[in-house]
Each structure stands twice: as C-alpha cells, then as structure tokens.
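Structure first, commentary second.
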Amino acid sequence: VWVANNASRTVTKIDPDAGAAVPITVGEGPTAVVVGEDAVWVANTSEGTLSLIDPETNEVERTVEVGNAPSGLVLADDLLWVTVQAP
678 VWVANNASRT
688 VTKIDPDAGA
698 AVPITVGEGP
708 TAVVVGEDAV
718 WVANTSEGTL
728 SLIDPETNEV
738 ERTVEVGNAP
748 SGLVLADDLL
758 WVTVQAP
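The working numbering numbers the first residue of the sequence shown as 678 and each following residue consecutively.
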C-alpha cells in the first residue's frame, strides 16, 4: 500500500502483513501514486515533477519535470500517462 502525504513531501510504503510503514521523501506536494512491477511513480503537484521510486530499495531513482501541476497518473502497457493543468 502506498499513500501520498501532501503536506510532508513524502509517500509512505505500508506493509500491512508486517505492520511496517516507511516514509520516503519526494517532491513538493505529492498527490497521486501509481505502482508498476518494478517502479512507483509519484506526481508532485506543487513542483511540476514526477518522482520515480524503486520499490525494492525505497529510494528515489529519478525526478522528471512534466509541466504545470501533475495530478493524475495511469500506468498501462509499460506507458505512463500523466495529466497536468494548463498554465
């Protein structure tokens, strides 16, 4: 389970079986999370970026600028779709 924590600039990875929660620092204003087989993408709405997290290491591997206020993410057929607001 992954939870975006907008005010704290983190996402939390929760393992319900172990009862463990791991916060991971990302960009400003995380609002959306999408999980793939070996990647977790986070939309950082206030910053206009996406964070790519490796779910095995819980490390941010890359930050990508995508434009104004990304807020929606869909992962389909190995393609990531991102919605942004018009400037």
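Glycine is no exception: its CB is placed at the ideal position from the N, C-alpha and C atoms.
Proximity of residue i and residue j at Cβ, strictly below 8 Å
i, j, result
"threonine 722", "valine 741", "no"
"valine 759", "valine 743", "yes"
"threonine 689", "valine 703", "no"
"serine 685", "alanine 720", "no"
"valine 678", "isoleucine 691", "yes"
"proline 693", "valine 717", "no"
"proline 707", "asparagine 735", "no"
Identity of the residue in the options nearest residue i by Cα
i, options, result
"alanine 763", "Asp754, Pro700, Leu750 and Asn745", "Asn745"
"valine 710", "Val680, Gly696 and Ala695", "Val680"
Close-in-space but distant-in-sequence residues of the same chain around residue i (CB under 7 Å, 5 per side omitted)
i, result
"arginine 739", "Leu729"
"glutamate 705", "Arg686, Asn721, Ser723 and Glu724"
Residues that DSSP places opposite residue i in a beta bridge
i, result
"arginine 686", "Paired residue(s): none; arginine 686 is not in a bridge."
"threonine 740", "Ser728"
"proline 700", "Thr689"
"valine 678", "DSSP, once it has assigned bridges, lists no residue as partnering valine 678."
"alanine 753", "Leu756"
Local conformation of residue i per DSSP, three classes
i, result
"asparagine 721", "strand"
"proline 707", "strand"
"alanine 763", "coil"
"glycine 713", "coil"
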